[in-house]
Each structure stands twice: as C-alpha cells, then as structure tokens.
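Everything on this sheet refers to the single structure shown next.
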Amino acid sequence: MRKNQSPFFALLVGAMLFSCTSGESAEASKLPPRNEVPTESRWKLEDIYASDDAWKSDFDRLKPMAAQIAAYQGKLDTSASALLECLTLRDELGITSGKVFAYARMRRDEDTANSNYQAMTSRTESLLAEVGAATAFIEPNILSMPAEKLTAFRQSEPKLAPYAFYFENLLRQQKHVLSPAEEALLSKMSEVGQSSENIFTMLARADMKFPEVKDDKGNMVQLSEGRYRTFVMSPNRSVRQEAFQKLFATYAQYRNTFASTLGGTVKK
785 MRKNQSPFFA
795 LLVGAMLFSC
805 TSGESAEASK
815 LPPRNEVPTE
825 SRWKLEDIYA
835 SDDAWKSDFD
845 RLKPMAAQIA
855 AYQGKLDTSA
865 SALLECLTLR
875 DELGITSGKV
885 FAYARMRRDE
895 DTANSNYQAM
905 TSRTESLLAE
915 VGAATAFIEP
925 NILSMPAEKL
935 TAFRQSEPKL
945 APYAFYFENL
955 LRQQKHVLSP
965 AEEALLSKMS
975 EVGQSSENIF
985 TMLARADMKF
995 PEVKDDKGNM
1005 VQLSEGRYRT
1015 FVMSPNRSVR
1025 QEAFQKLFAT
1035 YAQYRNTFAS
1045 TLGGTVKK
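According to the numbering used here, the sequence shown holds residues 785 to 1052 in order.
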C-alpha cells in the first residue's frame, strides 16, 4: 500500500534547495570539516565580533539596555527629549541585538552539530524575546499621545526629524497596534514561534546524512544540499538522475517530520 505523502513535503524541500548556496565543490569525495575548508570559502564573522568573548560582552549588555528603555514606559508624552532619548536607546538596542543574533546564528550555521553555538543561538533567541517584551510599550505609548502633542514634539526637537517616516508609518498602521500588555505577550511568544524552524535546521543540517553519488568523472562523491545544485546541472543525465533520486529519497524518510515543522511555521 502506498504511503500518504504530505502536500507540504515537496514544497518544503523545493524551497529549501533553492535557498541553499552552490558554493560547495563536488571535487572532494567527502564533505570536509570546517577546519579544513579554505579560509577564502568561509564567512568572516570576525568582522562582526573578533571573538566569542567580544560577542558575550554585547550579549550581557542587552538586558540592562532593555531595562533602561523600560523606565520610559508611560513617560514618552512628558517631553520631546524623553521621546528622543527612548527612541535613540531603542535604535542602539536594535543594532546591538542584530549583531548579537547574526553572530550566534551564523556561527551555528557554520556547523549545526556544534553544541556550543547551538546553545549561543538558543540563549540569544530567549533573551531577544525578553528584550522585545520589555520594549513593546513604545509604539502603543506613542499612539496614545494626542496627535497635536506628537506634532509639537516633532516641531520643537529637530533631532526627531529622522523619525518622520517612522511616525507616519506608525500612524498609518495604528489600528493594527495592540496594547502594551498584548504587544509584550506577542514578543514573549516569538521564541516559541522559532521552534519549528530550529527543529528543521537541526534535522536537515546536522542529523541527516546523504549517500554518495557518481560524478561526471566516475568518482564516488558524498551528496549534500550544496553539491546537489552542481550535480543537477551536469550534462550527464545519469548524474542528474542519481543525485535527484538519492537526495529526495533521503528527505522522503523524514517527510512527516518536515511537514509538521512547516505546518508549525505556517500556523504561528
């Protein structure tokens, strides 16, 4: 009896493959460990942070920065300077949060089996959910101001000029902004919403093992997502066929799990 296949399965695998880079060479028979990959073929994450310790220094700053911003809750309508200070701090927090997340996530993606960087990414996601909840009051508080007061603040404080589009866009979306408590709740839920993606990443990037296929020269080469794109562009039909069949046969073994993770992402 033929097994039922989820309609999500083909969609998920196809989208994933087109999102993969084709930077891997199909010359080596086995996938090299990261320490054997040429430097010029690696991400240069030192441009973000010189070391994990430097990353940790900024990571430790995030919660105090969020607490500093939270002190402005209910006070944004007191003066133009209070509004400017809060928005400036939020911008700094956003930039730092982005760097912290990008470094941890990309370190994890270099080697998804590395438990240290898995933990760094998980900690970052948890902290960013807390930070988002602590700062969720800002937009509801701005929107609760009388329009004429916000206009007066913008006219009296020239440094608020760069936020002109932000204010206009915020007013345009006013009916979609929730109360501070509701916005905070949504922020706290962001980590839960990340679970399906994390499960997919660990399964597809760390746990799944692809078989070997024969390349154009007749050599047996380990298949991977990156190498797959090279193989399916081969002028040799048998190479294309074998790569296609073996890659999708591997994914098919986990079709139900992949469909569940995609379903969880769609529903969040």
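Glycine included, each C-beta is placed from N, C-alpha and C at the ideal position.
Around the beta carbon of P924, 16 or more other beta carbons lie within 10 angstroms, which makes this residue buried.
In the three-state DSSP reduction, K828 falls in the coil class, being neither helix nor strand. Residue environment analysis places L867 among the buried positions, since at least 16 neighbouring C-beta atoms fall within 10 angstroms of its C-beta. In the structure shown, V997 adopts extended strand secondary structure according to DSSP, grouped into three states. Between the C-alpha atoms of S899 and L944 there is a straight-line separation of about 44 Å. With 16 or more neighbouring CB atoms inside 10 Å of its own CB, R892 falls in the buried class.
Annotation for S1022: K998 place their beta carbon closer than 8 Å to its own, counting only its chain and skipping 5 residues before and after. For M890, no beta strand (DSSP E) encloses it; the enclosing alpha helix (DSSP H) starts and ends at 864-894. For the pair T919 and V884, the CB atoms are not nearer than the 7 Å cut-off. Setting aside the 5 residues that flank it on each side, A854 is surrounded in the same chain by A918, T919, F921, each with a C-beta closer than 8 Å to its C-beta; the list follows chain order. Cβ neighbours of M849 within its own chain (closer than 6 Å, five residues either side excluded): L877. Remark: C-beta atoms of T872 and R889 do not approach each other more closely than 7 Å. Per the coordinates, the alpha-carbon of R1013 lies some 21 Å from the alpha-carbon of M986. Sorting A903, D831, S940, V915 by C-alpha distance to the C-alpha of S865 places S940 at the top. A check of alpha carbon separations from E820 across I832, L860, D836, D895 identifies D895 as the nearest.
Assigned with DSSP and collapsed to three states, Q1006 falls in strand.
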